[in-house]
Structures are given as C-alpha cells and as structure tokens.
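Numbering (this note's numbering), first residue to last: 638 to 979. Cβ coordinates follow ideal geometry from the N, Cα and C atoms, glycine included.
Quick look at the structure:
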C-alpha cells in the first residue's frame, strides 16, 4: 500500500490491518466510499504488450481500449485459473487489477514467458491509488467531481489524472484510479456526501453481482466456466490460442459442465474462508461437492458467498459448509442467470 495514501487514510479514521491495508469500522452505507488498496496493479507496457497478453489471458486484449475494460483470467496449461483480474488501458500501458495477494505469483509467472518480446512487467500498486464509490449517488458524484461517468459495466472514462471504470451489479458503482496526490482531495470531496466503509463491502457487492475472485486458497481450483466467467464476458472463444485455451474450449464445445458458481447465504454465521469445502449427501465427486469462492458478512450478520458447486448437488440440496453437520448454505441463481444449454 502506498505509504502516502496509508498515512492519509489513518488521519481520516482508518485503522491498519496486519497487511497494512486500511479498514473502516462502518460495514455498509447507501452512499459508500471504499479504499481498494487490497487490489494490486500490474503494469504491462512496451510495443508488444497487447500481443503478449493476447497469448496469455482468456479475454481478447483488442477489446480493451480507452472506453472499455474487460475481466479476464490467467490459466495453467490445464485451464485452471491462477489469477482473475480487470484489464484496462491507461496512457500507453495495459493494467491488470487483481487481489494483491495474487500479484507476486502472477507477475513472476507472466515474466517467464516474455522471452524476446518488447514487454515490461511491473508491480505498480504504489504508483496509483484505487478507490470505489457505490450507491445511487455514485453517477452524480462522479459527474460533479470529474465528469460524465461510464453508463455500462466495464465502461471506462478518463478525466485528467483519473481513470473511472464502471463495475458490474444492479447498484451503480465505480472504480476510480489515480495518483495519490490527486486522489487525496478527491476522497475528501466525495466523503462530504459518501460514507467511508470497510473494504469488505466492495467484495460483498462483487458477490451480489456474481463476480468471482481468485485468492491464494483457490488458485488452480477452477476452470473459467466453473466460475461463470463465460457468462460475464470474461472469456473469448474467438480470439485464438492462449495458455489453457484447449481445455477451456473443449469444455465449452465438447464437454458437459458439471460444476458452476452460485450465490448463497449462510444465516447468522461466520463467513467461511475462500477454498472452504462444501458437503452434500448428493455429491458424486471424489473432489467434494464444492468450494467457497468468496464470502463476506453483510450488515445483518449473515454471510453472503459465491461457491462453485456440483450442479447435481446444488439441485438436490441441502448443502453444508465444511462437513455434514456444518451450517447450511442456501443457494440461488446469479443475477445474470445460467445458460441452460450448458
């Protein structure tokens, strides 16, 4: 986390957790301002940057420009996701926004394949600050402080030093990315109407929007389709080859999807950690009935989660956290629905 930004937030009532990330005591607000320092940034620059990423990631880098961002994954040759991020263009580089705990491993693995390409990879997390603004207030606040806000998910607008990206979900929300010196007065201006809340609130909004994350505990656990990436424009099936493409394409066109991702609620309990196993008497796989993708306590004290689950087990129910006597997780469909042909 950028030290200048860290000190700024501490002076405004934030406390630092064991990783040095700022936390606020308030969990949610109708108009919410969120520090997103737990998301790291990889900068990919150079003449061959777009072509290099085209051969590594699930999505089409040609779709990423000054007004469009894209979700995408970095997979093993076996099609298992090592990282999941939002890709956007800023100035002369492409940027990958992902959980900071996955940054070092992702950066190191990408670096193994640069070879003779004219590509520069760097951890740029300290260079630019990331914040989020969420609520019905958000479009007007962005317009008042910066300029017209993107109207569609994945849309991007640029206002001087700031890059603004609209995130998924029925609740309007935006990522704002810019240098620390410019971000400090913007935060103060936004905080006059928006309430600073804990960073877990942004994860909760991702869960409600059906947008997964890959953490250390779930790296190599899922192929993209298990996490519904094909339903949220996170995979291109027309771009050509990339690492893991054969497995991902085979599942799409020749295989039968046996697991997929569901939102779920665990009433009145502790939020299970990412990677926690799920149990169902109807489960048929030696790999277990499912795994938690992410989970966060909501303002009512219930845990809201995303979980990759055997379809057969999800339809048979009930599903429990950890073991047969664990808390029940009640599953629903994601807001974008399922492709019934899969």
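Judged by DSSP secondary structure, residue 684 falls outside any alpha helix (DSSP H); it is assigned neither H nor E. Between residue 736 and residue 881, the C-beta spacing is not below 8 Å.
Per DSSP, residue 822 is one residue of the alpha helix (DSSP H) stretching across 817-827.
The C-alpha of residue 777 is placed about 28 Å away from the C-alpha of residue 762. CA-to-CA, the gap between residue 794 and residue 862 works out to about 29 Å. Our two residues, residue 892 and residue 925, have alpha carbons roughly 20 Å apart in a direct line. Nearest C-alpha to residue 753 among 686, 731 and 728: 686. For residue 669, the enclosing beta strand (DSSP E) begins and ends at 669-672. In this structure, the straight-line span from the alpha carbon of residue 808 to that of residue 773 is close to 7 Å. When DSSP states are grouped into helix, strand and coil, residue 879 belongs to the coil group.
DSSP places residue 642 in the uninterrupted alpha helix (DSSP H) bounded by 640-647.
DSSP places residue 931 in the strand class (E or B) of the three-state scheme. Inter-residue distance for residue 731 and residue 691 is about 12 Å (C-alpha atoms, whole angstroms). With at least 16 other beta carbons inside 10 angstroms of its own, residue 717 counts as buried. Secondary structure of residue 891 (DSSP, three-state): coil.
The beta carbons of residue 956 and residue 950 sit closer together than 8 Å.
Going by C-alpha positions, residue 640 is about 21 Å away from residue 826. Residue 660 and residue 671 have their C-alpha atoms spaced approximately 9 Å apart.
Under the DSSP assignment, residue 709 falls in the beta strand (DSSP E) whose first and last residues are 707-712. By the criterion of a C-beta distance shorter than 7 Å, residue 842 is surrounded in its chain by 771, 806, 808 and 810, once the five residues flanking it on both sides are discounted.
In the structure shown, residue 753 adopts coil according to DSSP, grouped into three states.
Taking a 10 Å sphere around the C-beta of residue 650, we find fewer than 16 other C-beta atoms and assign the residue as exposed. For residue 768, the enclosing beta strand (DSSP E) stretches over residues 766-771.
Contact annotation: residue 968 and residue 899 have beta-carbon atoms nearer than 8 Å. In the structure shown, residue 967 adopts extended strand secondary structure according to DSSP, grouped into three states. Residue 912 has its alpha-carbon roughly 9 Å from the corresponding atom of residue 856. In the three-state DSSP reduction, residue 899 falls in the strand class (E or B). In the structure shown, residue 725 falls within a strand segment according to DSSP collapsed to helix, strand and coil. Rounded to the nearest angstrom, the Cβ distance from residue 896 to residue 945 is 5 Å, consistent with a contact under 8 Å. For residue 783, the CB contacts under 7 Å within the same chain, skipping 5 residues up- and downstream, are 796, 799 and 801 in chain order. In the pairwise beta carbon analysis, the region 695-704 is classified as not touching the region 738-745: fewer than three pairs are separated by under 8 Å.
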